[in-house]
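Heads up: the structure comes next, in structure tokens.
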Amino acid sequence: MSAVPPSSSGGRFIAFEGGEGAGKSTQALLLAEALRARGLTVVVTREPGGTPGAEAIRALLLHPPGDTGWTAQSEALLFAAARADHVAHMIRPALARGDWVICDRFVDSSRAYQGGAGGLGDEAVTALHAFGSDGLRPDRVILLEGDEAALAGRLAARGEAADAIEGRSAAYHRAVAAAFHALAEADPEGFARIEAVGAPEDVHARILAALSDLLP
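For the sequence shown, numbering that gives the first Met the number 0 begins at 0 and goes up steadily by one.
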């Protein structure tokens with residue numbers, strides 16, 4: 000997928016990716032604090048979500064009506080619709096203002112979950128993204144990786160009921176991890192692979208090092 004150049008006004012777009020329990024939300028907030036300490040204006044958001052319309056779609060995706068859930072095709076379409084709204088009404092305007100945007104998941108989650116583990120293939124997912132969001136790419140994708148058992152234990156320790164995606168089989172989540180690995184291997188400049196197991200401050204330090212070429 001071809002990258003869209005960053006905003007000429009200085010905004011940067013960082014996406015956090017990884018499997019369930021990898022610590023994306025925690026690390027996104029830590030990075031935002033560090034950037035604000037440097038005097039930058041930062042927008043922290045998430046997918047699916049970030050705008051009222053996208054948040055409504057998030058509720059449908061994570062807590063589907065009925066007992067059958069969504070097919071991979073339905074999921075991909077819903078994620079793409081939520082992302083299109085998010086990009087149009089939050090991400091692109093923030094970048095145009097010169098803000099830094101930190102997003103907990105973006106299109107590479109769809110590529111890994113629906114394209115890889117869901118069996119749709121990368122071409123179908125990226126075509127939806129090209130149509131709905133003009134192919135917008137982050138300046139850097141932070142891929143949080145770690146031992147599956149450790150990450151699963153971290154997720155369980157939250158004490159919350161699993162949503163429709165978190166609750167899928169171990170085999171499904173192994174396929175997601177493999178898909179993320181393949182995406183990062185294919186785009187080493189766009190992805191920074193970060194060891195996610197350890198103290199949050201240690202993981203944060205690795206992330207700052209991986210972003211050193213973008214930081215002012």
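Using N, Cα and C, we set each Cβ at its ideal position, and we do this for glycine too. Computed from a predicted model, the values in this text were never measured in an experiment.
Buried or exposed by the 16-neighbour rule on C-beta atoms within 10 Å, applied to residue i
i	result
residue 136	buried
residue 37	exposed
residue 173	exposed
residue 72	exposed
residue 112	buried
residue 161	exposed
residue 168	exposed
residue 197	exposed
residue 195	buried
residue 108	buried
Chain-order list of residues whose beta-carbon lies under 7 Å from that of residue i (same chain, five-residue window excluded)
i	result
residue 11	5, 99, 138 and 213
residue 41	31, 34, 35, 98, 99 and 101
residue 56	47, 77, 80 and 81
residue 43	27, 28, 31 and 101
residue 206	26, 30, 141 and 193
residue 200	none
residue 183	142, 190 and 192
residue 59	77
residue 146	196
residue 61	162, 163 and 164
Top-ranked residue by Cα proximity to residue i, from the options
i	options	result
residue 176	118, 167, 144 and 194	144
residue 110	201, 146 and 181	181
residue 93	39, 117 and 54	39
residue 95	204, 9 and 199	9
Residues of its chain near residue i, where Cβ-Cβ distance is below 6 Å and the 5 sequence neighbours each way are ignored
i	result
residue 106	128
residue 14	102, 105, 137 and 140
residue 209	191
residue 217	There is no way to answer for residue 217, as the model of the chain reaches only from 0 to 215.
residue 54	48
residue 121	110 and 114
residue 45	103
residue 24	103
Beta-carbon proximity list for residue i, same chain, < 8 Å, skipping 5 on both sides
i	result
residue 63	69 and 163
residue 123	75 and 114
residue 119	71, 72, 75 and 113
residue 66	none
residue 1	Any reading at residue 1 needs caution, since the residue's pLDDT is 39, under 50, leaving its predicted position unreliable; the model's value is listed next. Result list for residue 1: 134 and 136, in chain order.
residue 203	26, 29, 30 and 33
Inter-residue CB distance, residue i and residue j (contact presumed, cutoff 8 Å)
i	j	result
residue 17	residue 179	7 Å
residue 188	residue 19	In fact, because the Cβ distance is near 26 Å, the residues do not count as touching under 8 Å.
residue 171	residue 116	5 Å
residue 49	residue 89	5 Å
Any beta strand (DSSP E) of 3 or more consecutive residues that is wholly inside the stretch 63-87: none
What beta strand (DSSP E) runs, 3 residues minimum, are completely inside the stretch 105-145? 139-144
Would you list, in sequence order, the uninterrupted beta strand (DSSP E) runs of no fewer than 3 residues that lie entirely inside the stretch 25-63? 41-45
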